[in-house]
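Q: Please see the structure below; I have some questions.
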Ligand SMILES: [Ca+2]
Ligand SMILES: [Ca+2]
Ligand SMILES: [Ca+2]
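Residue numbers (our numbering): 83 to 347.
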């Protein structure tokens, strides 16, 4: 089982040759992979899924997801139990959620979330225990929170956070204390900090930092020592540094760096 994958960006040269730009499946593998970027004949497949064990002979195309010259454009690789989850477009179903074990036969679309040629555009793919969670648009509910364990039965919209066809547009998924913290808009509180454990009951607003419909725009998520550090705005303090442990009591401004309503961060 090969654990190394390349995301290949092909710059097509006049001679029909291209250059790899590649990133690894994890930060730990990235330096080794970057040292093995090669010039290859590339125009036959477009931008597709490759793997490498660090040797030239062991660097091969896994699967031509979008057959021929059109590109499958795989993106956002996340590893769960020896499989990589990612988004890709096979040319028939649009951008949907895929997974691979590193073999052509073991590379498949998990579910056509937005049925037919439109894509659901899975984004912000993040690992949570034995599954991934992400934002996707099924064409009915708008862009909402989805999770998948790699099977069709185990792939579902967790909750329609912004009820109806408008999307809550969840993003910045960051794992803290066994939950994913993210930013979303439920149509009532504006763009605020949310959390999910992958279940409907376990998905909730953490804290309405800018009270009411106005947005606090949580962003710049960083995880440190079981805490989320992030940037958020309220009208009393301006844009400042906040922290959260995933609970409402554990979510507060770290310091009003620029005293009063002026921005500090
Ligand atoms: Ca589709
Ligand atoms: Ca919705
Ligand atoms: Ca608000």
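Beta carbons: idealized from backbone N, C-alpha and C, even for Gly.
Work out the CA separation of residue 311 and residue 362 for me, nearest whole Å.
A: This structure does not reach residue 362, given that the chain is present from 83 up to 347, and the question cannot be answered.
Q: Report the rounded CA-to-CA distance for residue 260 versus residue 347, giving the unit in angstroms.
A: 28 angstroms
Q: What does DSSP give as the partner residues of residue 295 in its beta bridges?
A: BP columns for residue 295 are empty, so no partner.
Q: Measure from the alpha carbon of residue 292 to the alpha carbon of each residue in 305, 324 and 192, then state which is nearest.
A: Nearest option by C-alpha distance: 324.
Q: Tell me whether the segment 182-196 and the segment 206-216 touch, counting them as touching only if at least three CB pairs, one residue from each stretch, are closer than 8 angstroms.
A: The segment 182-196 is not in contact with the segment 206-216.
Q: How close, in whole Å, do the beta carbons of residue 189 and residue 145 come, if the pair is a contact with beta carbons under 8 angstroms?
A: 4 angstroms
Q: Threshold first: 3 residues or longer. Then list the beta strand (DSSP E) segments lying entirely within the segment 162-213, N to C.
A: Correct list: 165-171, 177-182, 190-193 and 205-210.
Q: Closest to residue 255 by CA distance: which of 285, 339 and 245 is it?
A: 285
Q: Tell me which same chain residues have a C-beta within less than 6 angstroms of the C-beta of residue 66, skipping the five on either side of it?
A: Absent from the model: residue 66. The displayed extent of the chain is 83 to 347, so no value can be given.
Q: Anything with a beta carbon under 5 angstroms from a heavy atom of ligand 1 counts; list them all in chain order.
A: 175, 176, 194 and 196
Q: To which residues does DSSP link residue 262 through a beta bridge?
A: 257 and 278
Q: List in chain order the residues whose CB is within less than 7 angstroms of at least one heavy atom of ligand 3.
A: Going along the chain, the residues that qualify are 271, 272, 274, 290, 291, 292, 293, 294, 295, 296, 297 and 298.
Q: Any chance the segment 297-307 sits against the segment 263-278, with 3 or more Cβ pairs inside 8 angstroms?
A: yes
Q: Pick helix, strand or coil for residue 77, following the three-state DSSP scheme.
A: An answer regarding residue 77 cannot be provided, because it is not within the stretch 83 to 347 covered by the chain.
Q: Is residue 199 buried or exposed, if buried means 16 or more other CB atoms sit within 10 Å of its CB?
A: exposed
Q: Find the nearest neighbour of residue 305 within the set 317, 328 and 320, judged by alpha-carbon distance.
A: Nearest in C-alpha terms to residue 305, of all of 317, 328 and 320, is 328.
Q: Kindly indicate the opening and closing residues of the beta strand (DSSP E) around residue 144.
A: For residue 144, the uninterrupted beta strand (DSSP E) run begins and ends at 142-145, by DSSP.
Q: Give me the Cα-Cα distance between residue 333 and residue 314, rounded to the nearest whole angstrom.
A: 11 angstroms
Q: With distances taken from each beta carbon to the nearest heavy atom of ligand 2, which residues come in below 7 angstroms, in chain order?
A: 223, 224, 226, 242, 243, 244, 245, 246, 247, 248, 249 and 250
Q: Rounded to the nearest angstrom, how far is the Cβ of residue 151 from that of residue 176, given a contact under 8 angstroms?
A: Contact doesn't hold; Cβ gap of about 18 angstroms is too wide.
Q: Quick one: is residue 254 near chain C, going by C-beta distance under 8 angstroms?
A: Looking at the structure shown, chain C is missing, and only one protein chain is on hand.
Q: Let me check one thing: in DSSP terms, what residues is residue 344 bridge-paired to?
A: In DSSP, residue 344 forms no bridge with anything.
Q: Verify whether the separation of the beta carbon atoms of residue 178 and residue 201 is less than 8 angstroms.
A: Yes; because the gap between Cβ atoms is below 8 angstroms, this pair is in contact.
Q: Would you call the CB atoms of residue 232 and residue 226 closer than 8 angstroms?
A: Pairing residue 232 with residue 226 gives a Cβ-Cβ distance that is not under 8 angstroms.
Q: Output needed for residue 339: all residues of its chain with C-beta closer than 7 angstroms, excluding positions within five of it in sequence on either side, in chain order.
A: 322, 323, 346 and 347
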